[in-house]
Amino acid sequence: MHSSSLRGTDFKITQDGEAITGRGVNVLLVPDTDAREVAISPVERESARRNVQRCFAYSGSGTAASSDLVIECRSELLRDYALSVLDSLPADDSVLEQRRQWEARLASDTLRQTFHKLDLDDALRRI
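Sequential numbering of the sequence shown, starting at -11, is according to this note's numbering.
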């Protein structure tokens, strides 16, 4: 993929929206959560409108409701990497549960994640 992407949980949105426009994001991935109001200046909102070409919502479970996009790959390609990232975190109950979920997902031959398409305004309200 030749575009920059950014997950909505990778940053805290600032009042001026620089978190998106300052990074030249043109594919925005946000959690599939309830929309809320966010403070973004009109200038930054317009900049995001010019730069962000596509927005998708993802689910922590890997399966978004009414999906428009499916990404699938061989799970062996991600197994070691995903588990090493989780193993680098302090082993509290939450991390251990995430590791268990990843192990279950990676038990099959393929890993599949679905996304559903959003318009920019809806995506910004889910950050």
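The C-beta atom is built at its ideal place from N, Cα and C for all residues, glycine as well.
This structure is a prediction, so every number in the text was calculated from the model and none was measured.
No Cβ-Cβ contact shorter than 8 Å links R93 with V58.
For a cut-off of 8 Å, the C-beta gap from S55 to T102 is around 3 Å, short enough to register as a contact. R62 carries a strand assignment under DSSP once its states are collapsed to helix, strand and coil. In the DSSP assignment, P19 falls within the beta strand (DSSP E) that extends over V15 to P19. In the DSSP assignment, Q86 falls within the unbroken alpha helix (DSSP H) covering D81 to R93. Taking a C-beta distance under 8 Å as the contact criterion, V13 and V40 qualify as a contact pair. In this model, S47 and Q89 are separated by some 13 Å (Cα to Cα).
Excluding sequence positions up to five before and after L77, its CB lies within less than 6 Å of the CB of V83, all in the same chain and listed in chain order. Taking C-alpha positions only, R24 is separated from T98 by approximately 34 Å. It is roughly 11 Å from the alpha-carbon of L16 to the alpha-carbon of D110.
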